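Which chain is which? The protein sequence lines are L and P, in order.
The letter at position 28 of the first sequence is residue 113 when you use the numbering used here, and the numbering goes up by one with no holes.
The letter at position 235 of the second sequence is residue 238 when you use the numbering used here, and the numbering goes up by one with no holes.
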Amino acid sequence: MEIPYTVKPRPDTGVYNGKLGIWLFLASEVMLFGGLFASYIFLRLGAPEGTWPNGLMNVWAGFFNSIILLLSSVFVTMTWAAVKLNDFKGFKRNLAITMLLSLVFLGVKSYEYNQKFHHYGVFLKDASSPVGWSVQITGHVLNNIEKDDHILLAADAYQPSDWRSAPKSENADKIKENPALRFALPGVEITEEKHDGEPVLKIDKKDVFRSSYFVPKYNSFFAIYYTMSGLHALHMIGGLVVFLYFWTFGSKMFHTHRAQFANRIEVTGLFWHFVDLIWFFLFPVMYLM
Amino acid sequence: MSNVHDSHANDHGHHEPGFWQKYIFSTDHKVIGIQYGITSLLFMFFGFSLMMAMRWSIAHPGEPVPVFGFLIRLLLGSENAAAQFANNIMTGTLYNSFGAMHGTIMVFLAVVPLAFGAYGNYVTPLQVGAPDMAFPRLNMASYHTYWPGGLIMLISFFVPGGAAKSGWTSYSPLASVADHGSGIWHIFNGQTLWLLGMVMLITSSLLGSVNLIVTIVQLRVKGLTWFRLPFFTWAQFVTAFLLLLAFPPLESAGIMQLMDRVAGTSFFLPSGLYVGGQALDVSGGGSPLLWQHLFWFLAHPEVYVLILPAVGIVAEIIACNTRKPLWGYKSLVGAALFLGFISFSVWAHHMYLTGMGTKVSTFFQLTTVIISIPSVIILTALMISLWGGSIRFNSAMLFATAFLPMFGLGGLTGLPLAFNALDLYLHDTYYVIGHFHYVVAPGTIFALFAGVYHWYPKMSGRMMSETLGKLHFWPSFVCMNLIFLPMFLQGLAGMHRRWYDGGASYELSLAVVPILQPLVPVVNAVLEGFGKSPVEGIRAIDLNHVMGWGAWLLALAQIPFIINVLGAWKFGRKSPNDNPWGCTTLEWATPTPPPHGNFLTVPEVYRGPYEYSVPGADKDFTPQSEPPKARS
Numbered sequence: 086m087e088i089p090y091t092v093k094p095r096p097d098t099g100v101y102n103g104k105l106g107i108w109l110f111l112a113s114e115v116m117l118f119g120g121l122f123a124s125y126i127f128l129r130l131g132a133p134e135g136t137w138p139n140g141l142m143n144v145w146a147g148f149f150n151s152i153i154l155l156l157s158s159v160f161v162t163m164t165w166a167a168v169k170l171n172d173f174k175g176f177k178r179n180l181a182i183t184m185l186l187s188l189v190f191l192g193v194k195s196y197e198y199n200q201k202f203h204h205y206g207v208f209l210k211d212a213s214s215p216v217g218w219s220v221q222i223t224g225h226v227l228n229n230i231e232k233d234d235h236i237l238l239a240a241d242a243y244q245p246s247d248w249r250s251a252p253k254s255e256n257a258d259k260i261k262e263n264p265a266l267r268f269a270l271p272g273v274e275i276t277e278e279k280h281d282g283e284p285v286l287k288i289d290k291k292d293v294f295r296s297s298y299f300v301p302k303y304n305s306f307f308a309i310y311y312t313m314s315g316l317h318a319l320h321m322i323g324g325l326v327v328f329l330y331f332w333t334f335g336s337k338m339f340h341t342h343r344a345q346f347a348n349r350i351e352v353t354g355l356f357w358h359f360v361d362l363i364w365f366f367l368f369p370v371m372y373l374m
Numbered sequence: 004m005s006n007v008h009d010s011h012a013n014d015h016g017h018h019e020p021g022f023w024q025k026y027i028f029s030t031d032h033k034v035i036g037i038q039y040g041i042t043s044l045l046f047m048f049f050g051f052s053l054m055m056a057m058r059w060s061i062a063h064p065g066e067p068v069p070v071f072g073f074l075i076r077l078l079l080g081s082e083n084a085a086a087q088f089a090n091n092i093m094t095g096t097l098y099n100s101f102g103a104m105h106g107t108i109m110v111f112l113a114v115v116p117l118a119f120g121a122y123g124n125y126v127t128p129l130q131v132g133a134p135d136m137a138f139p140r141l142n143m144a145s146y147h148t149y150w151p152g153g154l155i156m157l158i159s160f161f162v163p164g165g166a167a168k169s170g171w172t173s174y175s176p177l178a179s180v181a182d183h184g185s186g187i188w189h190i191f192n193g194q195t196l197w198l199l200g201m202v203m204l205i206t207s208s209l210l211g212s213v214n215l216i217v218t219i220v221q222l223r224v225k226g227l228t229w230f231r232l233p234f235f236t237w238a239q240f241v242t243a244f245l246l247l248l249a250f251p252p253l254e255s256a257g258i259m260q261l262m263d264r265v266a267g268t269s270f271f272l273p274s275g276l277y278v279g280g281q282a283l284d285v286s287g288g289g290s291p292l293l294w295q296h297l298f299w300f301l302a303h304p305e306v307y308v309l310i311l312p313a314v315g316i317v318a319e320i321i322a323c324n325t326r327k328p329l330w331g332y333k334s335l336v337g338a339a340l341f342l343g344f345i346s347f348s349v350w351a352h353h354m355y356l357t358g359m360g361t362k363v364s365t366f367f368q369l370t371t372v373i374i375s376i377p378s379v380i381i382l383t384a385l386m387i388s389l390w391g392g393s394i395r396f397n398s399a400m401l402f403a404t405a406f407l408p409m410f411g412l413g414g415l416t417g418l419p420l421a422f423n424a425l426d427l428y429l430h431d432t433y434y435v436i437g438h439f440h441y442v443v444a445p446g447t448i449f450a451l452f453a454g455v456y457h458w459y460p461k462m463s464g465r466m467m468s469e470t471l472g473k474l475h476f477w478p479s480f481v482c483m484n485l486i487f488l489p490m491f492l493q494g495l496a497g498m499h500r501r502w503y504d505g506g507a508s509y510e511l512s513l514a515v516v517p518i519l520q521p522l523v524p525v526v527n528a529v530l531e532g533f534g535k536s537p538v539e540g541i542r543a544i545d546l547n548h549v550m551g552w553g554a555w556l557l558a559l560a561q562i563p564f565i566i567n568v569l570g571a572w573k574f575g576r577k578s579p580n581d582n583p584w585g586c587t588t589l590e591w592a593t594p595t596p597p598p599h600g601n602f603l604t605v606p607e608v609y610r611g612p613y614e615y616s617v618p619g620a621d622k623d624f625t626p627q628s629e630p631p632k633a634r635s
């Protein structure tokens, strides 16, 4: 006995087995990412007021990637249409464009990751603060922090741990003239040097509560950002591998079992649309909000 | 997903498949079902053995484990044994490891794979008249991600520090900071391996549940409408949805805990955490509560994953052995669907102790009380099904009928736990242990045993021995109650559930249990017989000995079962026909054992699943596939 409805839809349900299977799989994926989005909300609501970082992400890179993914979704649909129209060349071309677009996405993503991995943050020690630190300064490291007893930081931003207890700057007027003065904090020495237009700070390690590059352990935002965008990228790589198989060895089926091959493209395409959809939630949540 | 066609075409080649293809990398749902069955029964025995060692530690703290100590040394390896099992004495650390692994193995590696992986795989496609599962290769992949998950769990006993110790619930922050060794053992330690093993098991259950749902929806044969599906298939259907939708949040939680342990994030670590007097070098700002929410969002539906297939098995066996239709079939189906639906909204009743607000706890108390309604409907319908039947008490039916009061006891003792105020007192005591073990051990596991006795003739073509079956049932029934009934008394007396010394160092556990006072003369008479001095009352801690003996005797009671299962495969009486019990559902319409492809011709269904003792019929059962008689 053959397994029925592997290619043709079952009349009363209207779908073939693979299609129902992928929808169920996507339902479970919704729950997987749903758990992570729920965690994002939980962590963000639980963070002390004003400590959730804003503006750390490269919005234009994210926007560019959104457009790329949108286009790849269009091309995966055109790939399926080409198979349906028995257009082998069109199938090859459209699928190749889809794969190229996803490679562009992953390339931009790795560029963004790399930028973050080279960004550094310092939490200044404060014994009076309940969490042990009061201000974080971010920027680029200029010295060998493993060896030296201080950190030379080309600083680009600072953020107090809690707005309500933020140390009030005594020289608010002067900051307009000399923005470097916003880093005039206990334990921070503002040097005369500049690096890429940013003031270079000298911070003694003994005044540092904790410090690290922008890696997952830096704070809750980066933890959830890397986890979710990493998981999303893994999904893309998975889809890419399947596409690559269809484009090379798997394409034999185009000529032998075309109806089934169209189903395969359709099912993988559904997965691909879903991965795009996840990104359209990730982008506003991680980059804009 | 859709490469089914190929594999199936290959399987129908004319050459006889070799040993590996036929028994190891088989795509046949029946072989995979049996693979699941054997593997999960082995894991069940292993998880049970861990519990016996723990029971020894509880009843005889500080005394060396007799006879079987060498097995534990073998399990741990020399280094861990020296640290945690010196002189064959269980330490608290080892007890914690065994406790965590007992829970994990029993739930995720034994009961669920047996109930869903084995029975779901073997029986469901037969009951819907399908030639195989919808995606046979996916099915094979599901099994071959399941056992490596189990293997990873077993390997974790050998790594320095031993297996995970943070409970089967793996609560953070304990689970996030525990077990970190130096060097490579910073990552490859018990707790991290536990997480990796869980990721494998979750993947396996995802593949299995997608497959089962598609099989039921798409591969039902002609005439098998939804309300002609056997209740077992309905139960598996709801179970598959629970696995499909409840497991992923735990997977995301597992990923986050893995990040906490490997990448140093603080998803579940609050600010200002000190371990061993040292401030942790983490960002903080995470929430231990988040882990509990994500964990219990899975783990409550998981309870119904444990129960529903068992209820399905019992329903089939009761209908067949009472020779009358299942009472309230539609109510049963409705109850199962409602149960599955609402099981997603009760999870926080496991978390009353976290000090949640009254509004939130009111909501969860309400949903928890509501969920008892479909459970009671199911139990009531099964009880009424017995009424007025001429019951055939074979081994399967004995286990199935014992399921009802045992599951009922487990369910009813759960009701007080639904209420915040009572739960605060009872939650960390043995009362809770007794409650859920009554549901799962003499409940679900009895139903799973019943299933083995019921479907064994179909799987092997041979009958199991009824004598050995009864020798298995009665001692098991007595011992199960010896183990779990005293837990309620201990729990009400205030005994904490995590003591490795069984409460020897705790004053309350030394108090006399008043309700047992009438038994004192009997106990004293026995003690006198052994030449020991009489006692004035039975203390809560004394019950540890009763429970210990219950556990060890329960192990002995499984010997007839092992002999029966293994022996009957070769020496059992040949099944007289394809349908030795006279059942109506489609799995009995196949040849015995079913060949590859299951049915000789595509069956067609003409009637509901439980047409037993139909007035005017020529026999007391009418199979679903029997065409209606032409009118004379």
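All C-beta atoms, glycine included, are put in the ideal place defined by N, C-alpha and C.
Because the structure is a prediction, the values reported are computed rather than measured.
Contact list for residue i against chain P, beta-carbon separation under 9 Å
| i | result |
| --- | --- |
| L/Arg267 | Here the premise fails: no neighbours, minimum Cβ distance about 23 Å. |
| L/Val216 | Ser274, Gly275, Gly287 and Gly288 |
| L/Leu316 | Ser255 and Ile258 |
Residue i versus residue j - alpha carbon distance
| i | j | result |
| --- | --- | --- |
| P/Pro630 | P/Tyr609 | 6 Å |
| P/Trp188 | P/Asp182 | 9 Å |
| L/Pro96 | P/Ile41 | 38 Å |
| L/Asp155 | L/Val370 | Per the sequence shown, residue 155 of chain L should be read as Leu rather than Asp. The alpha-carbon atoms of L/Leu155 and L/Val370 are separated by roughly 18 Å. |
| P/Met354 | P/Thr432 | 14 Å |
| P/Val110 | P/Leu309 | 8 Å |
| L/Met86 | P/Ile387 | 40 Å |
| L/Trp248 | L/Lys194 | Interpretation of L/Trp248 is limited by its pLDDT of 46, a score under 50 that renders its predicted location unreliable; no figure is taken from the coordinates. |
| P/Ile448 | P/Met54 | 15 Å |
| P/Phe624 | P/Trp584 | 10 Å |
| L/Phe334 | L/Ile350 | 14 Å |
| P/Asn192 | P/Gly267 | 15 Å |
| L/Leu355 | L/Asn304 | 34 Å |
Partner residues on chain P for residue i, Cβ-Cβ distance less than 7 Å
| i | result |
| --- | --- |
| L/Tyr90 | Gln221 |
| L/Met116 | Leu248, Pro251 and Pro252 |
| L/Phe127 | Ser290 and Leu293 |
Where residue i meets chain L, residues with beta-carbon distance less than 7 Å
| i | result |
| --- | --- |
| P/Thr268 | Pro301, Lys302 and Ala308 |
| P/Met262 | Pro301, Ala308 and Thr312 |
Helix, strand or coil at residue i [DSSP, three-state]
| i | result |
| --- | --- |
| L/Arg249 | In this prediction, L/Arg249 has a pLDDT of 46, which is less than 50 and means its spatial position is unreliable; what the coordinates show is noted afterwards. Helix at L/Arg249. |
| L/Gly224 | strand |
| L/Tyr303 | coil |
| P/Trp171 | coil |
| P/Pro273 | coil |
| L/Trp218 | strand |
| P/Lys461 | helix |
| P/Phe624 | strand |
| L/Lys104 | helix |
Proximity of residue i and residue j at Cβ, strictly below 9 Å
| i | j | result |
| --- | --- | --- |
| P/Glu607 | P/Ser628 | yes |
| L/Phe306 | L/Leu286 | no |
| L/Asp292 | L/Lys232 | no |
| P/Ser208 | P/Leu157 | no |
Under 8 Å from the C-beta of residue i: neighbouring residues of chain P
| i | result |
| --- | --- |
| L/Thr112 | Sequence check: residue 112 of chain L is Ala here, not Thr. Within chain P, the residues near L/Ala112 are Leu247 and Leu248. |
| L/Thr333 | Per Cβ cutoff of 8 Å: no residues; L/Thr333 is ~15 Å from chain P at best. |
Closer than 9 Å at the beta carbon, the chain L residues around residue i
| i | result |
| --- | --- |
| P/Ile216 | Leu105, Gly106 and Leu109 |
**OP:** Report yes or no: do three or more beta-carbon pairs, one from the region 105-117 of chain P and one from the region 46-59 of chain P, lie closer than 8 Å?
**Re:** A contact between stretches requires three or more CB pairs, one per stretch, nearer than 8 Å, and the region 105-117 of chain P meets this requirement with the region 46-59 of chain P.
Original post:
Looking at C-beta atoms only, is the number of pairs between the region 448-457 of chain P and the region 308-323 of chain P that lie closer than 8 Å three or more?
Top reply: At 8 Å Cβ cutoff, the stretches touch.
Subject >> Meets three-Cβ-pair contact criterion under 8 Å: the region 588-608 of chain P and the region 71-88 of chain P >> reply: No, they do not touch.
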